[in-house]
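Counting from 1, position 154 in the sequence shown corresponds to residue 238 in the working numbering; the numbering is continuous, with no gaps.
Glycine is no exception: its CB is placed at the ideal position from the N, C-alpha and C atoms.
Model, not experiment: these values are computed from the prediction.
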Amino acid sequence: MAWRIEGTYFENCNCNMVCPCSTSGLSAPADYDRCRVVLAFHVASGQVDDVDVSGLTVAVVADTPPLMSEGGWRMGLFMDEAASPEQAESLGAVFSGQRGGPMEGLGPLVGEMLGLEVARIEYVDDGRTHRVRIGDAIDLEVEDFVSPLDATGKGIRVSGVGFPADTLAAGTATRSRVNAFGLEFENEGKNAFSAPFSWAA
Numbered sequence: 085m086a087w088r089i090e091g092t093y094f095e096n097c098n099c100n101m102v103c104p105c106s107t108s109g110l111s112a113p114a115d116y117d118r119c120r121v122v123l124a125f126h127v128a129s130g131q132v133d134d135v136d137v138s139g140l141t142v143a144v145v146a147d148t149p150p151l152m153s154e155g156g157w158r159m160g161l162f163m164d165e166a167a168s169p170e171q172a173e174s175l176g177a178v179f180s181g182q183r184g185g186p187m188e189g190l191g192p193l194v195g196e197m198l199g200l201e202v203a204r205i206e207y208v209d210d211g212r213t214h215r216v217r218i219g220d221a222i223d224l225e226v227e228d229f230v231s232p233l234d235a236t237g238k239g240i241r242v243s244g245v246g247f248p249a250d251t252l253a254a255g256t257a258t259r260s261r262v263n264a265f266g267l268e269f270e271n272e273g274k275n276a277f278s279a280p281f282s283w284a285a
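Structure below.
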């Protein structure tokens, strides 16, 4: 059976704006010795086989070497406590890459799975501002960057990225606190990306 999910996503890492990892297809090194990143995905609508997964949120926390394509990622996954057991199993299969799609390509890069936790996830996408709070583990807010000299107000877009979407809005974190899976970091003022996403396999 096929699956499809679509919604909005945003991320925050400890690179400076604009992160070289994502914009180089993982072929250029991060700005610092380790890349520490959170990616939050809100599924506005989705179906995995016969399971409706609409309205749920999943977040990925990762700690990687500076050159992400070398592998050795340490990664943990947060699942929305609002998900039923069937929904959690279905979304978990998609975001672990077991069901193909974009996350399957990252599978060989993961050297250590730090765990899966179920938590209350509050996700807000306000157009240019994006927020997620995950229990006591993550408190994150990012804003898309718009230059005061940009008369269009559209902001900076990076195209041709591919994952998790082809075109990402560039921005920075206004609030960033993470204490999860044995990783503790703050990326306030650092790189952020956001975009609508649409995956299927």
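Under a three-way DSSP split, which group does Leu267 fall into? strand
Identify every run of the beta strand (DSSP E) within the segment 149-185, keeping only runs that are complete inside it and at least 3 residues long; order them along the chain. 157-164
For Pro276, I'd like the list of residues in its chain whose CB is within less than 6 Å of its CB, leaving aside the five on either flank, ordered along the chain. In the sequence on display, residue 276 carries Ala and not Pro. Contacts found: Asn96, Val226, Gly255, Thr256 and Ala257.
Tell me the DSSP bridge mates of Asn100? Note: Asn100 sits in no beta bridge, so no partner.
For Glu272, the three-state DSSP class (helix, strand or coil): coil
Relative to the C-alpha of Leu123, which candidate in Gly273, Gly244 and Ile218 has its C-alpha closest? Ile218
Between the segment 235-249 and the segment 258-271, can you find at least three pairs of beta-carbon atoms closer than 8 Å? no
Beta-carbon contacts of Gly184 that lie in its chain and below 7 Å, excluding the five residues immediately before and after: Ala285
What's the C-alpha gap between Ala166 and Ala128? 14 Å
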